[in-house]
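K.L.:
My questions all concern the structure below.
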């Protein structure tokens, strides 16, 4: 997606430890026009699938996922990262390991919001080690729903997330693939 | 907003302790068509203001805020609830007390994302005691930005949030006002 590549080169910042900060347009400040185009691009790439709903995880996944849901005219569900005191006990839950915080987080979705047999598109902002996506796939398995595919805004192709998901037989569509962040430079794949 | 009232009566659930659960269409599963209309309604109500940006707080504020930002064609910023290890040290920060969890949470926005003199619309899903909105107003004050007004999806008018914000001289636009949740019944104001 060329508009996204341009924005990453213009406004992304590479920090030590292979960190690409896109908080000025993706995950704290949001460029809503770009995010709307991102949602449309996901809808176009998965136009061959009969998507019933989109699943993402709070917080950074919500913006791209809601725009994809708007373009596909389907409901969105987002997994929550800790148990809210007012959340129903009737939940699908899994654990995610975050390399950023070096901690496990409980993640959950109310069972009412994923039906068995539904075809679900998983959307997230980043794919690196694939922990978040694998957690969402685990929740879909518990719900006996089908994964239609995984839509990622920015893939770090030098980390093992895509391989792990493809090894399970699932399709990954990343709008931008980053081959390397070495020497503080963004190198795209392809 | 009639469509929202209907949805609350149809799909909202009243739990003990004056809790109104709208997690099947607002804050876990999202009815994206309704949320798009909510965003347009905020844009219409604040059409008399020159809004520069929208400010909300993760996670439940993001969906209505991004739809309002889409309708108003302005950027969105969301405050984060705890310090991410990769977040810059250059932040505006405040503390919120949550009556739901009975805990204080640190909330922060990167200083790059609110400019002095900007006219900012604050959006959130619920207004009850007003803690979240007051925290966001504190951040705007630190940034020397101007609050254009506060847009709320669902106001619990029997709790003191609106009064507290109006007492500071600010305008509050709530799409739905709830007068009472007594006897597990939703009673709207007006």
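Protein chains in written order, with the working numbering: chain A, -7 to 182; chain B, -7 to 182.
From the three backbone atoms N, C-alpha and C, an ideal C-beta is built for every residue, glycine too.
From a predicted model like this one, the values you see are computed outputs, not experimental measurements.
#1: I'd like the span of the beta strand (DSSP E) that includes residue 14 (chain A), first residue to last.
#2: Hey, would you say residue 43 (chain A) sits closer than 8 Å to residue 113 (chain A), going by beta carbons?
#3: For residue 154 (chain A) and residue 7 (chain A), I'd like the C-alpha separation in whole angstroms.
#4: May I have the straight-line CA-CA distance separating residue 139 (chain A) from residue 15 (chain A), to the nearest angstrom?
#5: Tell me the residue span of the beta strand (DSSP E) that contains residue 26 (chain B).
#6: So does the stretch 139 to 149 of chain A actually touch the stretch 89 to 109 of chain A, counting three or more Cβ pairs closer than 8 Å?
#7: For chain A, is any of its Cβ atoms less than 8 Å away from the one on residue 42 (chain B)?
#8: Among B:73, B:147 and B:124, which residue has its Cα nearest to the Cα of residue 181 (chain B)?
#9: Quick one: Cα of residue 45 (chain A) to Cα of residue 143 (chain A), how far?
#10: So, residue 68 (chain A) versus residue 48 (chain A), is the Cβ gap smaller than 8 Å?
#11: How about residue 33 (chain A): is its C-beta nearer than 8 Å to some C-beta of chain B?
#12: Using C-beta distances below 8 Å, list every residue in its chain close to residue 162 (chain B), excluding the 5 sequence neighbours before and after it, in chain order.
#13: In chain order, what residues of the same chain lie with their CB nearer than 8 Å to the CB of residue 159 (chain B), ignoring the 5 residues before and after it?
#14: Given a cut-off of 8 Å, decide if residue 72 (chain A) and residue 97 (chain A) are closer than it, judged by their beta-carbon atoms.
#15: According to DSSP, is residue 173 (chain A) helix, strand or coil?
#16: Three-state secondary structure (DSSP) at residue 159 (chain A)?
#17: With a threshold of 6 Å on Cβ separation, who are the neighbours of residue 131 (chain A) within its own chain once the five nearest residues in sequence on each side are excluded?
#18: Can you pull the chain A residues whose beta carbon is under 7 Å from the beta carbon of residue 20 (chain B), in chain order?
P.N.:
Reading it off the structure:
#1: Run containing residue 14 (chain A): none; DSSP gives neither H nor E here.
#2: yes
#3: 22 Å
#4: Cα to Cα, the separation comes out at about 28 Å.
#5: For residue 26 (chain B), no beta strand (DSSP E) run applies; the uninterrupted alpha helix (DSSP H) run containing it begins and ends at 24 to 37, by DSSP.
#6: Taking 8 Å as the limit for Cβ pairs, the verdict is that the stretch 89 to 109 of chain A does not touch the stretch 139 to 149 of chain A.
#7: no
#8: B:147
#9: 13 Å
#10: Cβ distance < 8 Å, so residue 68 (chain A) and residue 48 (chain A) count as in contact.
#11: no
#12: 129, 139, 141 and 142
#13: Around residue 159 (chain B), the same chain offers no residue with a beta carbon nearer than 8 Å, after the five sequence neighbours per side are excluded.
#14: no
#15: Looking at residue 173 (chain A) - three-state DSSP - the assignment turns out to be coil, as it is neither helix nor strand.
#16: It is helical.
#17: Once the five neighbours on either side are set aside, the close Cβ partners of residue 131 (chain A) are 84, 86 and 101.
#18: 69, 70, 72, 102 and 105
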